[in-house]
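Notes to accompany the following structure.
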Amino acid sequence: MMVHIRPEPASPSTLSTKAENLKRLPGGNNLLLRELRLEDSAQVIAWRNDPILGKFLTREKLTLAQQEEFFRKYQARVDDYYFIAEFKRSKKPAGSIALANLDFAAGQGEVARLIVDPAARLFLAEMFDLLLEFAFEQLGLSAVVANVQSRNKAAKNFHIRLGFQIEKVAPKAWWNGDDVITFRMSRADYPRLKQAWSALLLDAREG
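Residues 1 to 207 in full-length UniProt numbering are what the sequence shown spells out, letter by letter.
Structure below.
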């Protein structure tokens, strides 16, 4: 499993840049992204502790106190953008998604903390598209990666369907002994691939 070096304390100028980036978040046909808030903690806990939704996320139940502590630490990070995707009309949460472990020198970030609410499964492609648009067009990254467990067939198939390429496989790298597949998408490939999956970006079909 990859070990990420803890970043240096954020400088005021870097935090300002993150704040500026968060003022210009993309919206799609049905969804928009907004930054995670403390008051989202209960919803995140409900998703992550669900036996189906959280199956590939954690080995133990997450408590509200743990999530709130994570949120406080997240606020000080400049290499992490944690979003709630919500429906534009009803403002109901559709899921969570993050762009984490950002390395601006390498021009790369990682898809993380992906959860889609069962009622919003049809909009998963739109969630990904909004995150990729933010990564490539707003932050100017060169590539986005995603680490997926080998046993998570649905996630593997979805990444392949969107056009992510397999970069490497790390044997037994997950906490449960599963292999970890690293998928990669480049900014150069994104416009062409988006055309291919445009049919998945449903137009105003919120239930």
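C-beta: ideal position from N, C-alpha, C; glycine also. A quick note: this is a predicted structure, and the numbers were derived from the prediction, not measured.
Helix, strand or coil at Asp-103 according to DSSP, with G and I counted as helix: Looking at Asp-103 - three-state DSSP - the assignment turns out to be strand.
Would Ser-198 and Ser-142 be called neighbours here (beta carbons separated by less than 9 Å)? Cβ atoms of Ser-198 and Ser-142: not closer than 9 Å.
Could you round the C-beta distance between Glu-68 and Leu-114 to whole angstroms and report it? I think they count as a contact, below 8 Å. Here Glu-68 is actually not in contact with Leu-114; their C-beta atoms are around 21 Å apart, not less than 8 Å.
Return the CA-CA distance between Leu-25 and Gly-107, expressed in angstroms with no decimal places. Computed Cα separation, rounded: 19 Å.
Just the Cα atoms here: how many angstroms apart are Ser-96 and Asn-21? In a straight line, the C-alpha of Ser-96 is about 18 Å away from that of Asn-21.
Any chance the segment 76-93 sits against the segment 48-67, with 3 or more Cβ pairs inside 8 Å? As far as the Cβ criterion goes, the segment 76-93 does not touch the segment 48-67, which means the pair count is below three.
To the nearest angstrom, how far is it from the Cα of Gln-196 to the Cα of Asp-40? The question names Gln, but residue 196 is Ala in the sequence shown. Rounded to the nearest angstrom, the two C-alpha atoms are 33 Å apart.
Residue(s) in a DSSP beta bridge with Lys-168: The bridge partners DSSP lists for Lys-168 are Thr-182.
Any contact between the segment 97-105 and the segment 120-137? By contact I mean 3 or more CB pairs, one from each, below 8 Å. Contact between the segment 97-105 and the segment 120-137 is established, with three or more Cβ pairs separated by less than 8 Å.
Contacts around Leu-64, its chain only, beta-carbon distance under 8 Å, and the 5 residues preceding and following it disregarded: If we look at Leu-64 and ignore the five residues flanking it on each side, its Cβ neighbours are Ser-41, Ala-42, Ile-45.
With 16 other Cβ atoms within 10 Å as the buried cut-off, status of Ala-155: Ala-155 should be labelled buried.
In the DSSP assignment, find the alpha helix (DSSP H) that holds Gln-67 and state where it starts and stops. Here the alpha helix (DSSP H) through Gln-67 covers 64-74.
Cα-Cα separation, Thr-17 to Leu-201: Their Cα atoms are separated by approximately 30 Å.
Excluding the 5 residues flanking Glu-167 on each side, which residues of the same chain have their C-beta closer than 8 Å to its C-beta? Closer than 8 Å at Cβ, skipping near neighbours: Val-145, Thr-182, Phe-183, Arg-184.
Could you tell me the boundaries of the alpha helix (DSSP H) in which Gln-138 lies? Counting along the chain, no alpha helix (DSSP H) covers Gln-138, and no H or E run does either.
As a quick exercise: from Pro-118, Phe-83, Leu-31, Arg-34, pick the residue whose alpha carbon is nearest that of Ile-52. With distances taken between CA atoms, Ile-52 lies nearest to Pro-118 out of Pro-118, Phe-83, Leu-31, Arg-34.
Provide the residue span of the alpha helix (DSSP H) that contains Phe-158, from first to last. First-last of the alpha helix (DSSP H) with Phe-158: 153-162.
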